[in-house]
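Input: a single structure, listed below in structure tokens.
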Ligand SMILES: C[S@@+](CC[C@H](N)C(=O)[O-])C[C@H]1O[C@@H](n2cnc3c(N)ncnc32)[C@H](O)[C@@H]1O
């Protein structure tokens, strides 16, 4: 069963709430800091095409296994080429892309190691692998784990990795960033809550790293 099928239509709706808008803007700022220039981008687990619409690359490819998510992505990001498939078995020749992005996808793949080795295989020599994960030790992962225990999709199917887990798999990153230190129930003003969350030592909800 595809855990994203029942939630595909509503997937981006949260970004329109005040907290959701703050969170996605913080995430975008962190992501843009890490993305290198290049011609071709592959997003593995491209979802409904949110990042493919926003990222400025001349050649964009979205790989997405969920038919429901992919159909919406195709309609919303028609400038990208959409491909059905799984990160564990990428249907591309080696060295095909300048940049491969995995943004909160490792949480849902069957085989994390295979997905990462496939991402590296399709990168051109010197190309950049950018990975964003929902940090396992953040307050947000505690919420998502609880939702999973309660049967809320897609969290029933999620696994959470920490920064250390990812570094153990990929080695030291060339660059890294974190975003969203405020707690999921933080009241506005969110900028103040974000600064307080940093001071409190919260792990960021989103950890991002870049590897070559
Ligand atoms: C949390 S969503 C993230 C979507 C998109 N990256 C974004 O940030 O908007 C995770 C996506 O990974 C996809 N996914 C699940 N299993 C996958 C696999 N084995 N290979 C590639 N993508 C997968 C899901 O269908 C879903 O669209």
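In my numbering, the protein residues as written are 497 to 708. Even for Gly, the Cβ is constructed at its ideal location relative to N, Cα and C.
Rounded distance between the beta-carbons of residue 677 and residue 694, thought under 8 Å: Contact between residue 694 and residue 677 is confirmed by a C-beta separation of about 5 Å, below the 8 Å threshold.
Residue 573, enclosing beta strand (DSSP E) - first and last residue: In the DSSP annotation of this structure, residue 573 is not part of any beta strand (DSSP E), being labelled neither H nor E.
Exposure label - residue 607; buried when at least 16 CB within 10 Å: exposed
DSSP bridge partner residues for residue 503 (one or two, in chain order): Residue 503 pairs with nothing; no bridge assigned.
Rounded separation between residue 703 and residue 629 - CA only: 5 Å
Closest by C-alpha distance to residue 582, when choosing among 568, 615, 570 and 683: Nearest to residue 582 by alpha-carbon distance, out of 568, 615, 570 and 683, is 615.
Start and end residues, beta strand (DSSP E) containing residue 594: 593 to 599
Near ligand 1: residue 565 beta-carbon under 7 Å from a heavy atom: With a cutoff of 7 Å, residue 565 counts as near ligand 1, since its C-beta is closer than that to a heavy atom of the ligand.
Residues bridged to residue 705 (per DSSP): DSSP lists 627 and 672 as partners of residue 705.
Heavy atom of ligand 1 within 7 Å of residue 572 beta-carbon: no
Residue 562 beta carbon near ligand 1 (any heavy atom closer than 7 Å): yes
Range of the contiguous beta strand (DSSP E) that encloses residue 539: 536 to 540
Distance between residue 685 and residue 706 (C-alpha atoms, nearest Å): 31 Å
Per-residue DSSP class, three states only, for residue 568: DSSP, read as helix, strand or coil, puts residue 568 in helix.
The segment 532 to 541 contacting the segment 558 to 566, beta-carbon criterion three pairs below 8 Å: yes
C-beta atoms of residue 636 and residue 680 nearer than 8 Å: Their beta carbons are under 8 Å apart, which means residue 636 touches residue 680 by this criterion.
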